[in-house]
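> Numbering (the working numbering), first residue to last: 26 to 172.
Beta carbons: idealized from backbone N, C-alpha and C, even for Gly.
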Amino acid sequence: MADSSSQSIVINADPARIAEVICDYPSYPRWTQAIKAAEVLEEYEDGYPATVRFVIDAGIVQDEYTLHYDYAEDISRIEWHLVAPSKMQKAQDGSYDITDNGDGTCTVTYTLSVDLSIGMLGMFKKKAEKAIMDTALKELKKQVEAA
Numbered sequence: 026m027a028d029s030s031s032q033s034i035v036i037n038a039d040p041a042r043i044a045e046v047i048c049d050y051p052s053y054p055r056w057t058q059a060i061k062a063a064e065v066l067e068e069y070e071d072g073y074p075a076t077v078r079f080v081i082d083a084g085i086v087q088d089e090y091t092l093h094y095d096y097a098e099d100i101s102r103i104e105w106h107l108v109a110p111s112k113m114q115k116a117q118d119g120s121y122d123i124t125d126n127g128d129g130t131c132t133v134t135y136t137l138s139v140d141l142s143i144g145m146l147g148m149f150k151k152k153a154e155k156a157i158m159d160t161a162l163k164e165l166k167k168q169v170e171a172a
C-alpha cells in the first residue's frame with residue numbers, strides 16, 4: 026500500500042454537523058468540484074451509508090469507484106477503503122477524524138492513501154494527494170459553515 030498523507034482544517038461547527046455533511050454522500054456533486062455522482066448502494070441498520078459508488082471528473086483524472094465506510098460509535102472517525110480496483114486505483118484507504126476543540130470549532134483531519142493503477146512519480150503523486158486533500162477540506166468547511 027502507498028504511504029498515507031494527512032491534512033487538517035478547523036471548522037466552525039459542532040462534530041454532529043460536520044459528520045452529517047460528510048455522511049451525506051449523495052449531496053457531494055452539489056458542493057464538490059470533482060465528484061459528478063455519488064450513489065449509496067448499501068446502508069447499515071442505523072441508516073449510515075455502508076457502500077457508496079462515486080464518479081469523479083477532475084480534468085485529466087476520471088474514474089468510477091466504490092468505497093466501503095466504517096464509523097466510530099461516536100462518529101468522531103469515518104474511514105473507508107476501496108471495494109475493488111477501478112480504472113485509476115488499485116487501492117484507496119482514507120479517514121476523517123473529527124476532534125471537538127471545545128470552543129465551538131472542530132479540527133478535521135483527512136488522511137488518504139491511494140495506490141494508483143497508472144504510473145506516477147512519487148513527488149507528483151504526493152503533490153496530487155495534497156491538492157486533493159486541500160480542496161476536499163476547504164469544500165467541506167465551506168459547506169458545513171454555510172448552514
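Could you compute how far the alpha carbon of residue 1 sits from the alpha carbon of residue 40?
Absent from the structure is residue 1, since the part of the chain shown begins at 26 and ends at 172.
> Terminal residues of the continuous beta strand (DSSP E) containing residue 123?
Run containing residue 123: 114-125, per the beta strand (DSSP E) assignment.
> So, at 8 Å on beta carbons, what are the nonlocal neighbours of residue 117 in its own chain, with the 5 sequence-adjacent residues on each side left out?
Closer than 8 Å at Cβ, skipping near neighbours: 90, 92, 105, 106, 107, 137, 138, 139, 140.
> Helix, strand or coil for residue 47? Go by DSSP, reduced to three states.
The answer is helix: DSSP assigns residue 47 an H, G or I state.
> In terms of alpha-carbon separation, which member of 112, 157, 171, 170 lies closest to residue 58?
Closest by alpha carbon: 157.
> Who pairs with residue 64 in a beta bridge, going by DSSP?
The partner list for residue 64 (beta bridge, DSSP) reads 78.
> Pop quiz: residue 135 and residue 31 are said to be a contact at Cβ under 8 Å. What is the actual Cβ separation, rounded to whole angstroms?
The Cβ separation is near 7 Å, so the contact holds.
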